[in-house]
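Protein chains in written order, with this note's numbering: chain A, 1 to 260; chain B, 261 to 450.
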């Protein structure tokens, strides 16, 4: 008998080395898969948050291939969240690389599949109105970390560069309109000198305004309405129903207190 | 060397060992000891510690035996453990940089062959290869050893190294080119 065989069999027979039971491997696999699902969901949440924050600049309503849009997208991109999302995608790729269905394929293919899935699901989550609901929830319950996440200051493009803002028209005058931006700050928008019709401005309307920021005044070049998507409408209805339920519950609780 | 169940495949022996026939693990050792010793020796290029590394491979194989899926190849599974142990050993002992991350696995190689032209090598070339293997990087050395010496198929090598099958072909081609260049350089220097 050779040395290696003798030594190893000696270890095995004397139980110096013992087999790890199968349930432990099953448990580790389950934990690994759950961990990967959790990281994927976290990535989807971050991606959807990025899309949601960028959508508030009206980017989704602008022409698809447009230089203004591209530059604006770069300006308003939440860099920290973007870096987090990229890192998490990298972690998913590294963790999944030990499974045959991943390592049998080129890295670029699996990375593309994971990234596109995360972006697609993130887009659906963003459009479902979940973030709108969470933002309202954070405001109502004054949850500071969530508020910091959602109520970010509006970013404008570089001076004298065309930029786009999105918000609600709150007042109109002969020369300008005041728009409430998503960070609850208002900005004055000067009508264009070219005499373009501004009749589309209606108080309460959700608008996209293209223009240039000059000394705290946004000089408008053109504008368009931001149409509500069906997802947003559904989200608004859901939010409204939630508020109604909360009101009813509050009324019942108050009634009970008074009865007592 | 006594074969207790020569007719049984490796994959069939594993459930019997798990059930308690510890003696049968000795048969698996008999079947793989020489192969793994040759592989580790050529891959690490450190003949002194080969038996230690192979011993660790068998101990780890026994400890993790219940994680083995009997529907898959035991050969690839044990070679994977040997690969991991060899890489760990090289990282500890060797001064040369061991890097297995490269751009080969990034992009698809649609035109890479799924099997090389021929596996037969002459005795002279074999001797030449033995002496030149140490001069190429471990990444390329390993695919040559697995393909030409251990007789593994592209699919099995892909399973062992956790890389796409087409990448195995690309690596073997590059390894041969590197080896050829090394041999020519040596010839001119001599």
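No residue lacks a Cβ here, since even glycine has one placed at the ideal position from N, Cα and C.
Here the structure is a predicted model, which is why all the values come from computation and not from measurement.
Let me make sure I understand the geometry here. Which of the options has the alpha-carbon closest to that of residue i?
i	options	result
residue 428(B)	407(B), 443(B), 439(B) and 317(B)	407(B)
residue 163(A)	145(A), 140(A), 75(A) and 120(A)	75(A)
residue 213(A)	172(A), 205(A) and 155(A)	155(A)
residue 205(A)	192(A), 177(A) and 145(A)	177(A)
residue 86(A)	224(A), 111(A) and 98(A)	111(A)
residue 3(A)	293(B), 267(B) and 288(B)	293(B)
residue 201(A)	193(A), 122(A), 53(A) and 167(A)	167(A)
residue 71(A)	224(A), 20(A) and 210(A)	210(A)
residue 289(B)	280(B), 273(B), 302(B) and 443(B)	273(B)
residue 107(A)	45(A), 79(A) and 89(A)	89(A)
residue 422(B)	443(B), 336(B) and 300(B)	336(B)
residue 193(A)	220(A), 181(A) and 216(A)	220(A)
residue 82(A)	101(A), 143(A), 95(A) and 54(A)	54(A)
residue 341(B)	319(B), 353(B), 351(B) and 352(B)	319(B)
residue 56(A)	158(A), 34(A), 121(A) and 129(A)	129(A)
Determine the DSSP secondary structure at residue i, reduced to helix, strand or coil.
i	result
residue 166(A)	strand
residue 100(A)	helix
residue 72(A)	helix
residue 129(A)	coil
residue 108(A)	helix
residue 307(B)	helix
residue 403(B)	helix
residue 344(B)	helix
residue 41(A)	helix
residue 32(A)	helix
residue 352(B)	helix
residue 396(B)	coil
residue 14(A)	coil
residue 56(A)	coil
residue 268(B)	coil
residue 389(B)	helix
So what does residue i bridge to, in DSSP terms?
i	result
residue 218(A)	189(A) and 213(A)
residue 224(A)	208(A)
residue 443(B)	Residue 443(B) is not bridged to any residue.
residue 172(A)	177(A)
For residue i, which residues of its own chain have a beta-carbon under 7 Å away from its beta-carbon, when the five flanking residues on both sides are left out?
i	result
residue 277(B)	284, 285 and 325
residue 105(A)	none
residue 103(A)	97
residue 172(A)	201 and 203
residue 119(A)	47
So, at 8 Å on beta carbons, what are the nonlocal neighbours of residue i in its own chain, with the 5 sequence-adjacent residues on each side left out?
i	result
residue 92(A)	36, 39, 40, 43 and 114
residue 160(A)	212 and 214
residue 297(B)	310, 311 and 314
residue 226(A)	58, 61, 166, 206, 207 and 208
Once the 5 residues before and after residue i are set aside, which same chain residues still bring their CB inside 6 Å of it?
i	result
residue 222(B)	Missing from the structure shown is residue 222(B); chain B here goes from 261 to 450 and no further.
residue 79(A)	none
residue 126(A)	48, 51 and 52
Practice task
May I ask you to verify whether the segment 26-39 of chain A touches the segment 329-340 of chain B, counting CB pairs closer than 8 Å and requiring at least 3?
Solution key: no
Practice task
Take every Cβ of the segment 170-187 of chain A, pair it with every Cβ of the segment 141-154 of chain A, and state whether three or more of those distances are shorter than 8 Å.
Solution key: yes
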